[in-house]
Amino acid sequence: MAALDPHLQEIYEVVLRRNPGEAEFHQAVLEVFESLGPVVLKRPEYVESRVLERLCEPERQVIFRVPWIDDSGRIEINRGFRVEFSSVLGPFKGGLRFHPSVNLGIVKFLGFEQIFKNALTGMPIGGGKGGSDFDPKGRSDREVMAFCQSFMTELYRHIGEYTDVPAGDIGVGGREIGYLFGQYKRITNLYESGVLTGKGLGWGGSRVRKEATGYGTVFFAQEMLRARGDSFDGKRVVVSGSGNVAIYAVEMAQRLGATVVACSDSSGYVVDESGLDLELLKQVKEVDRGRLADYAAGRPGATLVTDGSIWHVDCDVALPCATQNELDEDAAISLVKHGVSVVAEGANMPTTRAATRVLLDADVLFAPGKAANAGGVATSALEMQQNASRDSWTHEYTQERLEGIMRGIHERCAGSADEFGAPGNYVVGANTSSFVQLADAVLALGVI
40 MAALDPHLQE
50 IYEVVLRRNP
60 GEAEFHQAVL
70 EVFESLGPVV
80 LKRPEYVESR
90 VLERLCEPER
100 QVIFRVPWID
110 DSGRIEINRG
120 FRVEFSSVLG
130 PFKGGLRFHP
140 SVNLGIVKFL
150 GFEQIFKNAL
160 TGMPIGGGKG
170 GSDFDPKGRS
180 DREVMAFCQS
190 FMTELYRHIG
200 EYTDVPAGDI
210 GVGGREIGYL
220 FGQYKRITNL
230 YESGVLTGKG
240 LGWGGSRVRK
250 EATGYGTVFF
260 AQEMLRARGD
270 SFDGKRVVVS
280 GSGNVAIYAV
290 EMAQRLGATV
300 VACSDSSGYV
310 VDESGLDLEL
320 LKQVKEVDRG
330 RLADYAAGRP
340 GATLVTDGSI
350 WHVDCDVALP
360 CATQNELDED
370 AAISLVKHGV
380 SVVAEGANMP
390 TTRAATRVLL
400 DADVLFAPGK
410 AANAGGVATS
420 ALEMQQNASR
430 DSWTHEYTQE
440 RLEGIMRGIH
450 ERCAGSADEF
460 GAPGNYVVGA
470 NTSSFVQLAD
480 AVLALGVI
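Laid out in structure tokens, this is it:
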């Protein structure tokens with residue numbers, strides 16, 4: 040990771056001044072800027088026309104109060120966010136996250152990542168992100184519904200199928216999307232299916248959407264392995280997290296012949312040397328909404344570890360699928376020491392900058408989240424296509440489209456890395472390929 044080009048350093052310092060205290064956003068911007076030195080040397084018009092400054096400033100930032108009543112009759116107040124970052128390629132597109140950690144800086148980092156991720160898909164979608172510091176964990180269905188209805192009562196005026204199309208993220212699954220869509224329909228008197236993605240199959244959803252982010256992460260990793268004449272077959276895999284992304288990364292890795300030996304949640308991680316029992320994991324996490332302690336209790340030979348890091352478990356392939364900055368420098372050193380050959384990010388920015396440096400220096404195949412986990416938003420765009428045409432595709436056809444999109448992303452990243460002097464570096468490839476597409480569109484549309 041080279042020092043920033045002087046022009047980029049100057050712009051980055053402006054970003055720091057204008058967005059104080061937003062560490063994750065600063066990190067996301069710096070991670071992109073570190074790749075762009077060769078681009079601005081080759082295309083000085085990007086600096087002259089201030090494209091970077093424009094891409095670092097969201098088109099719109101909305102913050103609002105969300106009052107609702109819990110089961111005891113107490114009035115609760117949360118804060119809601121929607122950051123509409125860039126619509127230069129299409130309507131704003133990106134998920135909603137309900138988690139106590141959500142603040143403006145988190146949402147801006149996610150939205151900034153989203154514009155590059157969406158550009159990589161090659162589909163006509165812009166980027167945005169939103170959410171709330173509401174925690175659905177431990178809440179009743181009625182409480183979740185009350186919160187979602189209040190949240191949408193404000194959000195509805197800012198979204199639409201040609202304006203901004205939210206989806207799910209951490210804490211926002213099919214239940215929450217249902218309550219949000221119901222309130223939008225009630226307020227607007229429109230059955231506007233394309234306004235939200237991640238819907239249920241019976242009311243406008245797409246097959247493979249639930250699986251898409253996890254599947255896509257594995258498909259991208261498979262393409263990296265294939266480029267080196269290798270595959271998942273026989274590989275030992277560790278997946279962090281045990282939510283939607285992690286579960287379906289486990290599923291596809293197993294289908295491709297790997298043995299997935301560990302996954303995690305906020306209470307620790309479970310090691311299952313014979314390979315995770317996918318059906319039990321789905322029952323515990325998706326049906327019972329339980330913890331990995333319940334998995335370990337029901338699985339002979341599985342061990343629950345409540346301290347330490349999952350990244351100290353030996354593996355050939357590591358798939359961080361939990362949350363930002365979960366894989367730090369010490370974890371990366373441990374992975375390299377134990378022979379990891381591939382790391383693909385299923386979550387958004389789960390690897391710290393220092394850890395990324397360790398992995399790249401060790402010649403580990405490293406796929407940044409904006410490339411590896413783009414399968415989720417790509418399939419959301421496929422859901423929008425189906426909604427627009429009042430159509431519904433088969434599972435096989437939709438998965439085939441997803442695989443093709445992930446192959447295309449891999450080809451674009453690999454080609455751009457070669458073009459800008461960093462062959463095999465998927466961080467450089469993802470950042471440069473997506474940035475050039477965005478920057479050219481900004482120039483084409485004038486001063487926007």
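Numbering-wise (our numbering), the sequence shown opens with residue 40 and increments by one. Glycine included, C-beta positions come from ideal geometry on N, C-alpha and C. Model, not experiment: these values are computed from the prediction.
Beta bridge counterpart(s) of residue i as assigned by DSSP
i	result
Tyr308	Ser303, Val344
Ala206	Gly134
Asn117	Val105
Ser279	Pro359
Val382	Ala357, Phe405
Gln188	Bridge partners of Gln188: none, in fact.
Gly170	Phe120, Arg136
Thr390	Leu366
Gln100	Val122
Gly199	Asp203
Thr298	Arg275
Under 7 Å between C-beta atoms of residue i and residue j
i	j	result
Ala357	Val375	no
Ile198	Arg136	no
Thr166	Phe124	Looking at the sequence shown, residue 166 is not Thr but Gly. Contact flag set, yes.
Ile50	Leu91	yes
Asn387	Gly408	yes
Cys360	Ala288	yes
Ala411	Thr202	no
Leu75	Ile448	no
Gly207	Gly134	yes
Gly443	Ala453	no
Val127	Ala393	no
Pro205	Leu229	no
For residue i, the nearest candidate out of the options (CA to CA)
i	options	result
Pro339	Arg330, Val309, Glu215, Glu193	Val309
Ser305	Val326, Pro83, Lys176, Val234	Lys176
Glu63	Glu152, Thr395, Ala371	Glu152
Glu318	Ile164, Gln66, Glu290	Glu290
Glu439	Ala251, Gly307, Ala370	Ala251
Val183	Ile108, Ala158, Val257, Val204	Ile108
Thr471	Asp430, Asp479, Ala456, Gln222	Ala456
Pro389	Ala42, Ala67, Leu47	Ala67
Thr345	Gly134, Ser303, Asn364	Ser303
Gln424	Arg246, Arg225, Gln261	Arg246
His351	Ala335, Gln293, Glu368, Thr362	Glu368
Leu69	Val397, Gln48, Thr256	Gln48
Val116	Ala401, Ser189, Tyr201	For the sequence presented, residue 116 should be read as Ile rather than Val. Residue Ser189 is the option with its Cα nearest to Ile116.
Ser373	Asn364, Glu384, Asn412, Cys354	Cys354
Leu366	Leu331, Gly337, Leu343, Phe405	Phe405
Glu384	Pro462, Gly268, Met263	Met263
Leu421	Ala42, Ser281, Ile164	Ile164
Asn364	Phe220, Phe148, Ile114, Lys224	Phe148
Lys81	Ser111, Asp44, Asp400, Ala297	Asp44
Glu458	Ala42, Ile286, Pro130, Pro77	Pro77
Ala297	Val466, Leu229, Val234, Phe271	Phe271
Ala341	Gly314, Lys321, Leu194, Thr362	Gly314
Gly282	Leu295, Arg330, Lys274	Arg330
Residue i in three-state terms, based on DSSP
i	result
Val323	helix
Ala5	Outside the modelled stretch of the chain, which goes from 40 to 487, sits residue 5, for which no answer is possible.
Pro175	coil
Trp242	helix
Met40	Reliability fails at Met40, whose pLDDT of 48 lies under 50, so the model's placement of it is uncertain and the value that follows must be treated cautiously. The answer is coil: DSSP assigns Met40 none of H, G, I, E or B.
Val397	helix
Leu75	coil
Gly213	helix
Glu49	helix
Glu365	coil
Ile164	coil
Val122	strand
Asn157	helix
Phe405	strand
Gly329	coil
Ala478	helix
Glu433	According to the sequence displayed, residue 433 carries Thr and not Glu. Reduced to three states, the DSSP call for Thr433 is coil.
Ala413	coil
Ile487	coil
Leu229	coil
Arg267	coil
Val467	helix
CB contact check: residue i to chain C, cutoff 7 Å
i	result
Gly221	The question asks about chain C, but that chain is absent: this structure has only one protein chain.
### Message
Using a Cβ distance threshold of 8 Å, determine whether the segment 158-174 contacts the segment 135-148, with at least three qualifying pairs required.
### Response
With the rule of 3 Cβ pairs closer than 8 Å, the segment 158-174 counts as touching the segment 135-148.
### Query
Counting Cβ pairs, one atom from each stretch, are 3 or more of them under 8 Å apart for the segment 325-332 and the segment 240-248?
Segments in contact, no.
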